[in-house]
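Residue numbers (the numbering used here): 5 to 144.
The C-beta atom is built at its ideal place from N, Cα and C for all residues, glycine as well.
Quick caveat: nothing in here was measured; it's all calculated off a predicted structure.
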């Protein structure tokens, strides 16, 4: 190996190009969207101030396609339209931020949804989902 072949330089980092390439890849993904939510920023003295933040989400497709995690974009082995989707917390956004055919959002749990979208769900909603998940597991 010649010295000219080694492109490492201790000061030169290529993070800007890497982030731009990653952003381009996300934009090509038809399930990737950005929505705005009211989040909170923690100041130096510990107080929380409200702030609008961009939330990146990955939508799942039509019936029969593999379900994607709304936070990570990872595809599960579960398919949409089967009883397998009852293992996950399903959310449909009706805010107009996504196109009509964007699909649903799937989370591992209601708590993951709350953390991702800066929301708080009622305990009844969480209990209903956990009961539904457990009954689905018992049937399988």
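- The bridge partners DSSP lists for residue 72 are 79.
- Taken through DSSP and simplified to helix, strand or coil, residue 105 comes out as coil.
- Pairing residue 97 with residue 112 gives a Cβ-Cβ distance that is not under 8 Å.
- Residue 124 sits in coil when the DSSP states are folded into three classes, being neither helix nor strand.
- Taking a 10 Å sphere around the C-beta of residue 100, we find fewer than 16 other C-beta atoms and assign the residue as exposed.
- Residue 53 carries a strand assignment under DSSP once its states are collapsed to helix, strand and coil.
- Look at the beta carbons and you see the segment 62-79 touching the segment 35-45: at least three pairs across the two are nearer than 8 Å.
- Shown here, residue 137 sits in a helix according to DSSP, grouped into three states.
- It is roughly 9 Å from the alpha-carbon of residue 125 to the alpha-carbon of residue 117.
- With respect to the 8 Å criterion, residue 140 and residue 90 are classified as neighbours on the basis of their beta carbons.
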